[in-house]
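Engineer: For the sequence shown, the working numbering assigns the number 320 to the last residue and increments by one with no breaks.
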Amino acid sequence: MFLVSCNENTKLIHDLESYNASMEQTGYHFGEKISFPIEVMNSVKTISVSFGNKKTSNLVIDPRFFTLGDNMVTFIIKTKNGETLNQDAKINVFAKNSERDIPYKIIAEYPHNPKNFTQGLQMEGNMIYESDGLEGFSQLIKYTLGESTPIMVTKQAQGVFSEGCTIVGDQIYQLTWKNKKGFIYNKDSLALLAEFNYPEVMEEGWGLTYDGRNLIASDGSKNIYFLEVKNPTKIIRSISVAGGYEVYDKLNELEYHEGYLYANIWHKPIVLKINPVNGEVIGKFDFTKITNENTKENGEKILNGIAFKGNNMLITGKNWSKIYEVIIE
Ligand SMILES: [Ca+2]
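1) Tell me the DSSP secondary structure of residue 37 in three-state form.
2) Exposed or buried, what is residue 59 when buried is set at 16 or more other beta-carbons lying within 10 Å of its beta-carbon?
3) What first and last residue would you give for the beta strand (DSSP E) that runs through residue 144?
4) Return the CA-CA distance between residue 288 and residue 103, expressed in angstroms with no decimal places.
5) Quick one, are the C-beta atoms of residue 131 and residue 197 less than 9 Å apart?
6) Can you tell which of -1, 286 and 85 has the C-alpha that lies nearest to the C-alpha of residue 62?
7) Closest to residue 50 by C-alpha separation, out of 82, 34 and 168, would be which residue?
8) Classify residue 113: buried if its beta carbon has 16 or more other beta carbons within 10 angstroms, exposed otherwise.
9) Can you check whether the CB of residue 127 is closer than 9 Å to the CB of residue 168?
10) If you measure between the beta carbons of residue 264 and residue 274, is that distance less than 9 Å?
11) With distances taken from CA atoms, which of 101, 137 and 234 is nearest residue 313?
12) Quick test of the definition: if touching needs 3 or more C-beta pairs under 8 Å, does the region 62 to 73 touch the region 22 to 40?
13) Look up residue 162 in the DSSP assignment and say whether it is helix, strand or coil.
14) Please report the distance separating the alpha-carbon of residue 247 from that of residue 200.
15) Taking only runs that begin and end inside the region 187 to 265, name each unbroken beta strand (DSSP E) of 3 or more residues, in chain order.
16) Measuring only from the beta carbon, is residue 297 closer than 8 Å to any heavy atom that is part of ligand 1?
17) Round the Cβ separation of residue 236 and residue 34 to the nearest angstrom and send it over; I've been treating them as touching at under 8 Å.
18) Enumerated in chain order, which unbroken segments of the beta strand (DSSP E) with a length of 3 residues or greater are wholly contained in the region 60 to 85?
19) Using DSSP bridges, identify the partner residues of residue 277.
20) How would you label residue 304, buried or exposed, when you count the other beta carbons within 10 angstroms and need 16 or more for buried?
21) Give the single residue among 77, 44, 73 and 318 whose Cα lies nearest to the Cα of residue 301.
22) Compare the beta carbon distance of residue 321 and residue 122 with 9 Å and say whether it is the shorter of the two.
23) Take every Cβ of the region 226 to 236, pair it with every Cβ of the region 140 to 150, and state whether three or more of those distances are shorter than 8 Å.
24) Can you tell me where the alpha helix (DSSP H) holding residue 126 begins and where it ends?
25) Could you name the residues that DSSP lists as bridge partners for residue 284?
26) Which value, in whole angstroms, describes the spacing of the CA atoms of residue 333 and residue 228?
27) Out of curiosity, what's the CA-to-CA distance linking residue 172 and residue 256?
28) Let me know the secondary structure DSSP gives residue 2 once reduced to three states.
29) Specify the secondary structure class of residue 140 as computed by DSSP and reduced to three states.
30) State the start and end residues of the unbroken beta strand (DSSP E) segment that holds residue 151.
31) Hey, out of 191, 162, 166 and 185, whose CA is closest to residue 177's CA?
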């Protein structure tokens, strides 16, 4: 009897595991129900989903429990034999509509200092504001587009690794990677005005932008956090990002422009256009060609820098020697 039950349990877990694995590509959408194959359901009394800190016995993909993108869950199965079994699974939730490839044309190239390990890029007027990373080399600089010599430089203290930056009125906000804090500078002089702690839930500081109301930050996950400007430790709301057929994580440099959020992804030659209301990716720019040209001799020289010059996008990367101006078609 024991052996039979043991074998049945092994088979049940195996069936559940292969079903869940087979569904990773297909994914689910909000409102759909997870329907397990009949051979699984035949041996099951109840099945519930645990997310670690919360649990539901409803198998509908409900936004109260699931987020867009990948969800790491554990299925808790009570068998008809009265035993409890656990099976870990990745449940992918996709956006309602598929993202489209956005056509573009590169219409201009400008110099970019290849010493700059770019982590944040923004343009205002004819001026580029750039945050550069690496310990011992971290800095905030400003220079005229077309020049690569900065007209102003603020170096970071030893031990600080700078990340994304954004303009908020007459100030600049800048994140750090692992120092758990950010800095506020005077936009004209780049003089340091204040420090803040970014929210505890953000494991690291990556990208930063501003939508006219809130700071918007990434932390290297699939999540984007909207922070209060006056107190950036406070999260106003957050979104998870996914496309119609693909999950994305490691969201990095950000730019908010005309109602949409643009993000590039760590070690990928693409820029996503995201609906900032719900996290759905609506379009994707493929910058494989310029990324390959710039990444040739060092794989860490990745695309990481999005700014807007009017309605044209500016793209650069870590240690790239150029900034590209992109007209969106
Ligand atoms: Ca940016």
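Yeah, the Cβ is synthetic: ideal placement off N, Cα and C, and Gly gets one too.
Structural biologist: Here's the rundown:
1) Residue 37 falls in the strand class under three-state DSSP.
2) Under this definition residue 59 is a buried residue.
3) Its beta strand (DSSP E) spans residues 143 to 146.
4) For residue 288 and residue 103, the distance between alpha carbons rounds to 17 Å.
5) Inclusion of residue 131 and residue 197 in the CB contact set at 9 Å is not warranted, their separation being larger than that value.
6) That would be 85, whose Cα lies nearest to the Cα of residue 62.
7) The shortest Cα separation from residue 50 among 82, 34 and 168 belongs to 82.
8) That one is buried.
9) No, Cβ-Cβ distance for residue 168 and residue 127 is not below 9 Å.
10) Yes, the Cβ-Cβ distance between residue 264 and residue 274 is below 9 Å.
11) Cα-wise, what sits closest to residue 313 is 101.
12) They touch, by the three-pair rule.
13) Assignment of residue 162 by DSSP, reduced to helix, strand and coil, places it in the strand class.
14) Counting only the Cα atoms, residue 200 lies some 6 Å from residue 247.
15) Scanning the region 187 to 265 for uninterrupted beta strand (DSSP E) segments of 3 residues or longer gives 199 to 201, 205 to 209, 214 to 219, 226 to 231, 242 to 248, 251 to 256 and 261 to 265, listed from N- to C-terminal end.
16) With a threshold of 8 Å, the Cβ atom of residue 297 counts as near ligand 1, since some heavy atom of the ligand is closer than that.
17) 32 Å between Cβ atoms; not a contact.
18) Whole beta strand (DSSP E) segments, 3+ residues: 60 to 70 and 75 to 84.
19) In the DSSP output, where bridge partners are listed per residue, residue 277 has 261.
20) By the neighbour-count criterion, in which a residue is buried when 16 or more other Cβ atoms sit within 10 angstroms of its Cβ, residue 304 is buried.
21) Among 77, 44, 73 and 318, the Cα nearest to that of residue 301 is on 318.
22) Since the first and last residues shown for the chain are -8 and 320, residue 321 lies out of range.
23) Touching, no.
24) According to the DSSP assignment, residue 126 belongs to no alpha helix (DSSP H), since it is labelled neither H nor E.
25) According to DSSP, which records beta bridges pairwise, residue 284 is partnered with nothing at all.
26) Beyond the ends of the chain as shown, which are -8 and 320, falls residue 333; an answer cannot be given.
27) Approximately 22 Å, taken between the alpha carbons.
28) DSSP places residue 2 in helix when its eight states are reduced to three.
29) Three-state result, residue 140: coil.
30) Here residue 151 belongs to no beta strand (DSSP E), and DSSP marks it neither H nor E.
31) Measuring from the Cα of residue 177, the nearest candidate turns out to be 162.
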